[in-house]
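*Asks:* One structure, pasted below without further comment.
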Amino acid sequence: MLIILLVFLTILAGYGVYNAILMKAKGVEEHYTHRGEIKQYSLRDGSQLKLDTESRAVVAYDNGSRAVELLSGRARFAVSENREEQRPFRVTANGVRVESGNGNFVVDIADNKVSVCPLDETVTTFFNGKTETVGPGQRLEILPEGRAKVFQRQYTDIDWLSGSLVLNNIPLSEAIEMINSYRAVPVVLLNNDKKDIIVDRVLHLSRLDEEVEEMMRSLGLTRESLPGSEAYR
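Position 217 of the sequence shown, counted from 1, bears residue number 979 in the numbering used here, the numbering being contiguous throughout.
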C-alpha cells in the first residue's frame, strides 16, 4: 500500500512539473508568495512584478497582449519602457482591468475591494462598463457592486514596497492583525484590556520579530509561553 502511495505521489509531482513547463512554454507563468515573503519577478518583456505577502498572480503573454491576473493579495507592477513594445499591458483583479503604458502602479485585493495606486504615471481602469482614470498620489477604490471612490494615497498603501509596516495611530488589536500577515508564528494578545491602546510606530519587516517584542515591552506587555504562538499579557 505504501509503495502504491509513493508511486502515485511521484506521478502527481511529475505531472505538476510537466504542467508548469507546458504553461511556461505557452507564455503563462504563475507567481506567488507565502506568509511573510515579498518577492520580485522579472517578466519576459522586462517589466517587473513585486508581490506582497500571501499574494498570487498569473502572467499570460501572447503575440497580442501582455496580461497579468492578480488572484489574491497585493502587487506592484513596473511596466517596461521599451518603446518598440506595441502590446498593451493589462492587469485584471476581481473583474477590474487596469491599463498602463509605461508606469509603476500597485493593485490590491482586500475584502473583495480592489484598490489601484499609480506611483508615477496615470493609469486607466475599466469596471462594470465604466472607465476611470487615476493619477499619481491618488488611490482608486472599487467596491464589489461597482461603485468607486478616489482618495488621496497614504504611505500605508505602499509601505511594504520599502520593507516597512506603518502602524499609523491604530488600535493594538488592528496592529497585531497587520503584523500577523507577515509572521508564520502569530502574535496573540491575552489581555483584552490592552486591545484598544493606540499604536503609532513604523516596523521594519527585516527585523519584525525583534521590533514587535520591543513594541510590546514599550506598551507594558510581557511575553508568555503559549504553544504555537507568541503571546503577550
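Using N, Cα and C, we set each Cβ at its ideal position, and we do this for glycine too. Only a predicted model underlies this, so the values are computations on that prediction, with no experimental measurement involved.
#1: Give the range of the alpha helix (DSSP H) segment to which Ser877 is assigned.
#2: Given a threshold of 16 other Cβ atoms within 10 Å of its Cβ, counted over all protein chains shown, does Ser877 qualify as buried or as exposed?
#3: Alpha carbon to alpha carbon, how far is Ser817 from His793?
#4: Leaving out five residues before and five after Leu805 in sequence, what residues of the same chain have Cβ atoms less than 7 Å from its Cβ?
#5: If you check the beta carbons only, do Met978 and Arg985 fall under 9 Å apart?
#6: Checking 9 Å against the spacing of the C-beta atoms, do Ile938 and Leu951 come in under that value?
#7: Please confirm whether Val961 and Ile920 have their CB atoms less than 9 Å apart.
#8: Looking at the strands, I want to know which residues DSSP matches up with Asn866.
#9: Quick one: is Gly865 buried, meaning 16 or more other Cβ sit within 10 Å of its Cβ, or exposed?
#10: Tell me Arg969's beta-bridge partners as DSSP assigns them.
#11: Please name the residue or residues paired with Ile920 in a DSSP beta bridge.
#12: Is Ile800 helix, strand or coil by DSSP?
#13: So what does Tyr994 bridge to, in DSSP terms?
#14: Whose CA, out of Val885, Glu831, Val912, Asp955, lies closest to the CA of Leu981?
#15: Would you mind sorting Ser827 into buried or exposed? The rule is 16 or more other CB atoms within 10 Å of its CB.
#16: Would Asn830 pass as a contact of Arg849 if the rule is Cβ separation under 9 Å?
#17: Between Leu881 and the ligand SAM, is there a pair consisting of the residue's CB and a ligand heavy atom that are separated by less than 8 Å?
*Replies:* From the atom records:
#1: Ser877 -> not in any alpha helix (DSSP H); beta strand (DSSP E) instead, spanning 875-880.
#2: With 16 or more Cβ atoms within 10 Å of its Cβ, Ser877 is classed as buried.
#3: So the two alpha carbons sit approximately 8 Å from each other.
#4: Within the same chain, Leu805 has close Cβ partners Leu811, Val821.
#5: Contact: yes.
#6: Yes, Cβ-Cβ distance for Ile938 and Leu951 is below 9 Å.
#7: Not a contact, by the Cβ cut-off of 9 Å.
#8: DSSP lists Ala840 as partners of Asn866.
#9: Classification for Gly865: buried.
#10: None, per the DSSP bridge assignment.
#11: Partner(s): none; Ile920 has no beta bridge.
#12: Note: Ile800 maps to coil in three-state DSSP.
#13: Beta-bridge pairing links Tyr994 to Leu951, Arg985.
#14: In this structure, Asp955 is the residue among Val885, Glu831, Val912, Asp955 with its C-alpha nearest to the C-alpha of Leu981.
#15: Classification of Ser827: exposed, given that the 10 Å Cβ count is below 16.
#16: Note that residue 830 is Val in the sequence shown, not Asn. For Val830 and Arg849, no; Cβs fall outside 9 Å.
#17: Summarising the ligand content, the structure contains no ligands, and the ligand SAM is consequently not present.
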